[in-house]
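See structure below.
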Amino acid sequence: MSAFEETSLSINGADFRVWTAGTGPKLGVLAGFGGLLQWPPFLVRLAKTRTVIVPSLPGFPGGGGRAHVDLDSVLDWLLLVREILNGCALTGEDLLGISLGAALAGDVTAVWPHKTKRLVLVSPLGICIDGNPMADPWGVTPQDLPALLCSNPQTLEAHQKMPEGGDDLEWEVSQIRANEAAARLLWPTGDTGLGKRIGRIFCDTLIVWGAEDKVVPPDYHPIYKNGPKGTVSERMIEGAGHQVDFDRPEQLANAINEFLG
Amino acid sequence: MKLMWFHLMPYTELPEDFREENPGIWVDINSRLFDPERAHHMYNDFMDELEFAATCGFDAICVNEHHSNGYGLMPSPNLIASTLARRTSDTMICIMGNSLALYNPPTRVAEEMAMIDCISGGRLIAGFPVGTPMDTCYAYGQNPSMLRDRYYEAHDLVKRAWTEREVFSFNGRYNQLRYVNIWPHPVQKPHPPIWIPGGGSVETWQWCAEMDYVYCYLSYFGYKIGLNTMRGFWNEMEQLGKEPNPYRAGFLQFVGVAESREEAMRLYKEPAEYFYGRCLHIDPRYAQPPGYTTEATIRARVEGQVATAAKKATARGKTATQIEDIIDQGYIIIGSPDEVAEQLRHAATEMNVGHLMMLCQFGNMSKQLAAYNTRMFAEKVMPQVSDMFDDKWEDHWWPTPIPAAERAVPNSALDGSLAEAAE
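In order, the protein sequences belong to chains L and Z. In this text, residue positions in the first sequence follow this note's numbering: the first is 54, and each later residue adds one. In this text, residue positions in the second sequence follow this note's numbering: the first is 377, and each later residue adds one.
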């Protein structure tokens, strides 16, 4: 699938990939745990009704090489993500984040409330209940990670499969690097401090969970639902694990479209 | 040749079905298996063994650091080393070592090691490992993406704390201290010799060369497998223009000595199978946190030892756990004194290693057998290998203690002399 345009943003000497596709109102998308290696089916569906703008996050595929190693604190992350969103002209548009991307989308909205119109958080991370943390994505072997993240791990494995003619070593390194970038932000318990700031989210917000999410325990659902000050709606997608975008792309796109109108 | 005696301090009473019933020896090992009253005896036995090795004439006795680990009961090797500093007089004390990134502030390491160097009269070797993923990232929660940078920064801070005599401020990326001024300072000047235990990372080799530190490969799999790593190290030294002084390197080797090979096989079968069957039951889930291994090392396709052990624990490979295989694969050098000496000379020559760290206690080996192995080695093997390299090379990386005649003689609370003096 090549129905998207690829551009690049240069920030502090690092180049960040930006994928854009579709028609309609703009929607910024911050991808999930391993970033995006290829244009996924979920975005194909979403691009039918939205202009989706998908910048790569630091350290993730297309995300400025090893740009994540300059980020020592959550503040460092948020400032860079804000700069990236600004560079994409996402300064008052709708914003969608998935998993790790939702932790960042929630936080940039909390810190710069006027720069997000409406917010969609899919399987959000960033908060930790003492004694009941998110599942440890680094406490499974890389081979077992897709089964932790997805109810249908083949969907993620297919996404991670190297295209014909690729460099297998560099392909492997890019995925390990993405995993490292995620660890840099979330190690060891997934607590970015979002819990302290979630009350600064004032816009209308949709929270989406996969009914078979093995990463975030259900005890977290009321925290995300009741935390923001704006109106919050919640959707549960049956048959989906943590990465709802890979497990149930159609249903997730429909839920988002219903919310955004 | 320097012959050093190394103790891992393994828990010796893991159940026979440990491998089948538990996911691994590390991180989430079942704490119900730990009996503190039995550990009371184990610790005292282990410390007796270390002290005994010192009396047998080993050049150094060595301790190391592990956390949440059933084969390494020394979360704080400094505690053990401090008692060894008092209970031994001439043997060097090698802490192999303190994982620098785990300490906040790292000046704690500078202080404790300086204390041990003072107490021992300058007999300390300071080992600074990055630490295994299990110890650092999982048991101690360090971020794998920041671990190495923290380690290098902590190293710089510790070294400055040891060597600078003026109060200084340190504004690092991870450590900010307005006042650095440790008391005490180490006896050895400019500081105790620094040794770096590491895997096969080219960056570590280059750093050791740049800093003029000893590189140590603490192998559980013997010299046959370690040879490749050591050849890589020496190739890198050659490229960097460093002379091939064998004292730049250290290597850990399991040994079992008896009157004959048959006797050795009989004596060491159980502890060897215990170590490789139960102690090296490493869960691969904790072997490779992202960011722990540098991208350069990944690209060089080099794998760390615990990752190898973990991989062997899965269907993808297999650690030898039966004595015949353990011997065949060279994990343990076993046999009569002459046989062991011959193999050690061969190993040391092939690897060009001047610091051999002997593991004479391993697995669930009893105190009596450990003492026998240690004595046999000291009396019958040591004389056959201790002359190696000394005709050609000088060990620039060995401690320089206060002369023996000027060192304090610890007073035993039991001998009554202090009580008499107080009269």
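Glycine included, each C-beta is placed from N, C-alpha and C at the ideal position.
Checking the sheet assignment: what are the DSSP bridge partners for H731 of chain Z?
In the second sequence, residue 731 of chain Z corresponds to position 355, counting from 1. Its beta-bridge partners are Z:K378, Z:G626.
Using a C-beta to C-beta distance shorter than 7 Å, which residues of chain Z count as neighbours of D125 of chain L?
By 1-based counting over the first sequence, the position of residue 125 of chain L is 72. By Cβ distance, chain Z contributes R549.
Assign R692 of chain Z to one of two classes, buried (16 or more other C-beta atoms within 10 Å of its C-beta) or exposed (fewer than that).
Looking up residue 692 of chain Z in the second sequence gives position 316. Low per-residue confidence applies at R692 of chain Z: pLDDT is 46, beneath 50, and the placement is therefore not dependable enough to give any value.
At the 9 Å Cβ level, is D197 of chain L part of the contact set with chain Z, yes or no?
Here the question's residue 197 of chain L lines up with position 144 in the first sequence. Closer than 9 Å: yes.
Mind pulling the chain L residues with CB within less than 7 Å of N406 of chain Z?
Taking the second sequence and counting its residues from 1, one reaches residue 406 of chain Z at position 30. The premise fails here: N406 of chain Z is roughly 16 Å from chain L at the closest Cβ pair, so nothing lies under 7 Å.
Would a check of beta-carbon distances place Y589 of chain Z closer than 9 Å to chain L?
Here the question's residue 589 of chain Z lines up with position 213 in the second sequence. When Cβ-Cβ separations below 9 Å define contact, Y589 of chain Z makes no contact with chain L.
N493 of chain Z CB to nearest chain L CB: under 9 Å?
Sequence index remark: in the second sequence, residue 493 of chain Z carries index 117 (1-based). Contrary to the premise, residue 493 of chain Z reads as Asp rather than Asn in this sequence. Proximity of D493 of chain Z to chain L, defined by a Cβ-Cβ separation below 9 Å, is not satisfied.
Mapping the DSSP letters down to three states, classify R692 of chain Z as helix, strand or coil.
What you label residue 692 of chain Z is simply residue 316 of the second sequence in a count that begins at 1. For R692 of chain Z, the predicted structure reports a pLDDT of 46, less than 50, and the residue's modelled location is therefore unreliable. A value from the coordinates is still provided. R692 of chain Z: coil per DSSP, three-state reduction.
Pop quiz: D466 of chain Z and A780 of chain Z are said to be a contact at Cβ under 8 Å. What is the actual Cβ separation, rounded to whole angstroms?
Start at 1 with the first residue of the second sequence, and residue 466 of chain Z comes out as number 90. Start at 1 with the first residue of the second sequence, and residue 780 of chain Z comes out as number 404. At roughly 6 Å, the Cβ-Cβ gap stays under 8 Å, so D466 of chain Z and A780 of chain Z are in contact.
Please go through the stretch 448-499 of chain Z and give each complete alpha helix (DSSP H) segment of 4 or more residues, from N-terminal end onward.
Here the runs fully enclosed are 453-463, 483-496.
N787 of chain Z touches chain L at which residues, Cβ-Cβ below 8 Å?
Against the second sequence, residue 787 of chain Z aligns to sequence position 411. Residues of chain L passing the Cβ test: none, with the nearest at roughly 47 Å.
Selected residue, minimal CA-CA separation from I471 of chain Z, among Z:L460, Z:G706, Z:Y387, Z:R721:
To locate residue 471 of chain Z, count along the second sequence from 1; it is residue 95. Among Z:L460, Z:G706, Z:Y387, Z:R721, the Cα nearest to that of I471 of chain Z belongs to Z:L460.
E397 of chain Z to G653 of chain Z span [Cα, whole Å]:
By 1-based counting over the second sequence, the position of residue 397 of chain Z is 21. By 1-based counting over the second sequence, the position of residue 653 of chain Z is 277. Spanning the two alpha carbons is a distance of roughly 13 Å.
Residues near W130 of chain L in its chain [Cβ-Cβ closer than 7 Å; skip 5 each side]
As a working note, residue 130 of chain L is residue 77 in the first sequence. Scanning its chain for C-beta atoms nearer than 7 Å, with the 5 sequence neighbours on each side dropped, one finds around W130 of chain L the residues L124, L157, L238, in chain order.
Along chain Z, in chain order, which residues have C-beta atoms closer than 7 Å to that of I229 of chain L?
By 1-based counting over the first sequence, the position of residue 229 of chain L is 176. At a C-beta separation below 7 Å, I229 of chain L has these neighbours in chain Z: P666, I674.
Are the Cβ atoms of P505 of chain Z and G473 of chain Z separated by less than 9 Å?
Your numbering for residue 505 of chain Z matches position 129 in the second sequence. Your numbering for residue 473 of chain Z matches position 97 in the second sequence. For P505 of chain Z and G473 of chain Z, yes; Cβs fall inside 9 Å.
Can you tell me whether DSSP reads F544 of chain Z as helix, strand or coil?
Translated into the one-based positions of the second sequence, residue 544 of chain Z becomes position 168. In the structure shown, the three-state DSSP call for F544 of chain Z is strand.
Mind reading off the beta-carbon distance from Y707 of chain Z to F630 of chain Z? Whole number of angstroms is fine, and I expect it under 8 Å.
As a working note, residue 707 of chain Z is residue 331 in the second sequence. As a working note, residue 630 of chain Z is residue 254 in the second sequence. Indeed they touch by this definition, with Cβ atoms about 6 Å apart.
Do you know how far the Cα of A640 of chain Z is from the Cα of T431 of chain Z?
Taking the first residue of the second sequence as 1, we reach residue 431 of chain Z at position 55. Taking the first residue of the second sequence as 1, we reach residue 640 of chain Z at position 264. One C-alpha to the other measures close to 23 Å.
Helix, strand or coil for P573 of chain Z per DSSP?
The residue labelled residue 573 of chain Z in the question sits at position 197 within the second sequence. In the three-state DSSP reduction, P573 of chain Z falls in the strand class (E or B).
Could you check what DSSP says for A723 of chain Z in three-state terms: helix, strand or coil?
As a working mapping, residue 723 of chain Z is identified with position 347 in the second sequence. Note: A723 of chain Z maps to helix in three-state DSSP.
Can you find the residues in the same chain that come closer than 7 Å, C-beta to C-beta, to N406 of chain Z, ignoring five residues on each side of it along the sequence?
Taking the second sequence and counting its residues from 1, the one referred to as residue 406 of chain Z is at position 30. If we look at N406 of chain Z and ignore the five residues flanking it on each side, its Cβ neighbours are N398.
Option in L:P275, L:C141, L:E136 with minimal Cα separation from W60 of chain L
Mapped onto the first sequence, residue 60 of chain L falls at position 7. A small correction: the amino acid at residue 60 of chain L is Thr; Trp does not occupy that position in the sequence shown. Among L:P275, L:C141, L:E136, the Cα nearest to that of T60 of chain L belongs to L:C141.
Going residue by residue through the stretch 574-638 of chain Z, where are the continuous beta strand (DSSP E) segments of at least 3 residues, counting only ones entirely within it?
Scanning the stretch 574-638 of chain Z from its first residue to its last, the whole beta strand (DSSP E) runs of 3-plus residues come out as 590-593, 625-633.
Would you list the residues sitting across from M764 of chain Z in a DSSP beta bridge?
Looking up residue 764 of chain Z in the second sequence gives position 388. None, per the DSSP bridge assignment.
Which same chain residues, not among the five before or five after D771 of chain Z, have their C-beta less than 7 Å away from its C-beta?
Indexing the second sequence from 1 puts residue 771 of chain Z at position 395. Only K378, Y623, G730 meet the Cβ criterion.
Using only the alpha-carbon positions, how far apart do V122 of chain L and C256 of chain L sit?
The residue labelled residue 122 of chain L in the question sits at position 69 within the first sequence. The residue labelled residue 256 of chain L in the question sits at position 203 within the first sequence. Computed Cα separation, rounded: 32 Å.
Would you mind reading off the limits of the alpha helix (DSSP H) that contains T169 of chain L?
Looking up residue 169 of chain L in the first sequence gives position 116. Careful: T169 of chain L lies outside any alpha helix (DSSP H), inside the beta strand (DSSP E) at 169-175.
So if DSSP puts T60 of chain L in a beta bridge, which residue, or which two residues, is it bridged to?
As a first step, residue 60 of chain L must be located in the first sequence, where it is residue number 7. DSSP lists L:V71 as the beta-bridge partner residues of T60 of chain L.
Are the C-beta atoms of A22 of chain L and some chain Z residue less than 9 Å apart?
Coverage of chain L is limited to positions 54 through 314, which leaves residue 22 of chain L absent and any answer about it impossible.
Provide the residue(s) that pair with K79 of chain L in DSSP beta bridges, ordered along the chain.
Numbered from its first residue, the first sequence carries residue 79 of chain L at position 26. L:T104, per the DSSP bridge assignment.
Out of Z:S444, Z:D435, Z:K694, point me to the one whose CA is closest to P386 of chain Z's CA.
As a working note, residue 386 of chain Z is residue 10 in the second sequence. When each option's Cα is compared against that of P386 of chain Z, the closest is Z:S444.
Taking a Cβ distance cut-off of 9 Å, strictly less, list which residues of the stretch 521-535 of chain Z are near chain L, in chain order.
Contact residues of the stretch 521-535 of chain Z toward chain L are S521, M522, D525 (C-beta to C-beta distance below 9 Å).
Let me see if you follow: with CB-CB separation under 9 Å, is C513 of chain Z close to chain L or not?
In the second sequence, counting from the first residue as 1, residue 513 of chain Z sits at position 137. For C513 of chain Z, the answer is yes, since a Cβ of chain L falls inside 9 Å of its Cβ.
Using a Cβ-Cβ distance under 9 Å, would N519 of chain Z count as near chain L?
Start at 1 with the first residue of the second sequence, and residue 519 of chain Z comes out as number 143. For N519 of chain Z, the nearest beta carbon of chain L is closer than 9 Å to its own beta carbon.
Out of L:S63, L:E58, L:P186, L:H212, which one is the CA nearest neighbour of V134 of chain L?
Here residue 134 of chain L corresponds to residue number 81 of the first sequence, with the count starting at 1. The residue with the shortest Cα to Cα distance from V134 of chain L is L:S63.
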